[in-house]
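**Student:** Residue numbers (the numbering used here): 1 to 187. No residue lacks a Cβ here, since even glycine has one placed at the ideal position from N, Cα and C. Let me give you the structure first, and then I'll get to my questions.
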């Protein structure tokens, strides 16, 4: 059985843990150290503050190990800030992990006050519309290489996949919908 990890340096890691525990047979672990990272087969990088998480990845020494694991094929899913961390290009800062062929704009939907919820069908992920929560959400401006656009909302890319890397601008962990979590477990 695979071990699923949730990066627990900052952000919505507790919500991802709760969602994963609702899926039969999944017993996720929090990842804060290199030893914990070495134990996982898949990793979720949660939403939060991308600059803070990026700095903590560097100070804990996880950044190099995490990049190596992702580039060697470990499935990884970045939600919101996690998406920003995966990007090779960011519009207003230096990239952090720089492993996914996407260019990202931070806070593309505005401030915290501009947060919203919607539903959208993403056929690759679910047969029914998925509940989505956007909080100071980023936008994927462009994709390149083998990266595939999975969904757009109002002309903005909100979900993409490159091999075993998944990126969503929204927060599925803040809803009762487990579709995206289940999709990630099938990658």
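#1: In the DSSP output, what is residue 76 paired with across the bridge?
#2: Indicate the three-state DSSP secondary structure (helix, strand or coil) for residue 54 in the structure shown.
#3: Between the beta-carbon of residue 43 and the beta-carbon of residue 67, is there less than 7 Å?
#4: To the nearest angstrom, how far is the alpha carbon of residue 12 from that of residue 135?
#5: I'd like to check one pair, residue 87 with residue 100: are the Cβ atoms closer than 7 Å?
#6: Output needed for residue 166: all residues of its chain with C-beta closer than 6 Å, excluding positions within five of it in sequence on either side, in chain order.
#7: Could you pull the start and end residues of the alpha helix (DSSP H) that residue 183 belongs to?
#8: Is residue 173 helix, strand or coil when you go by DSSP?
#9: Contact defined as beta carbons within less than 8 Å: I believe residue 28 pairs with residue 20. What is the distance between those atoms, to the nearest angstrom?
#10: Could you check the C-alpha separation between residue 61 and residue 33 for me, to the nearest Å?
#11: Given this structure, state the Cα-to-Cα distance separating residue 154 from residue 162, to the nearest angstrom.
#12: Given this structure, state the Cα-to-Cα distance separating residue 169 from residue 117, to the nearest angstrom.
#13: Quick one, which of 131, 150 and 104 has its alpha-carbon nearest residue 124's?
#14: Helix, strand or coil for residue 68, going by three-state DSSP, please let me know.
**Tutor:** Per the coordinate set shown:
#1: Answer is 43 and 165.
#2: DSSP places residue 54 in the helix class (H, G or I) of the three-state scheme.
#3: Result no, Cβ atoms of residue 43 and residue 67 do not sit closer than 7 Å.
#4: If you draw a straight line from the Cα of residue 12 to the Cα of residue 135, it comes to about 12 Å.
#5: Contact flag set, yes.
#6: The beta carbon of residue 166 sits closer than 6 Å to those of 77 and 184, all from its chain and outside the five residues before and after it, given in chain order.
#7: From DSSP, the alpha helix (DSSP H) with residue 183 extends over 179 to 186.
#8: It is helical.
#9: Yes, they are in contact, since the Cβ atoms of residue 28 and residue 20 sit about 4 Å apart, within 8 Å.
#10: Roughly 8 Å separates the two Cα atoms.
#11: Straight-line Cα distance between these residues: approximately 22 Å.
#12: Computed Cα separation, rounded: 12 Å.
#13: Measuring C-alpha to C-alpha distances from residue 124 to each of 131, 150 and 104 identifies 150 as the nearest.
#14: Here residue 68 sits in helix by DSSP.
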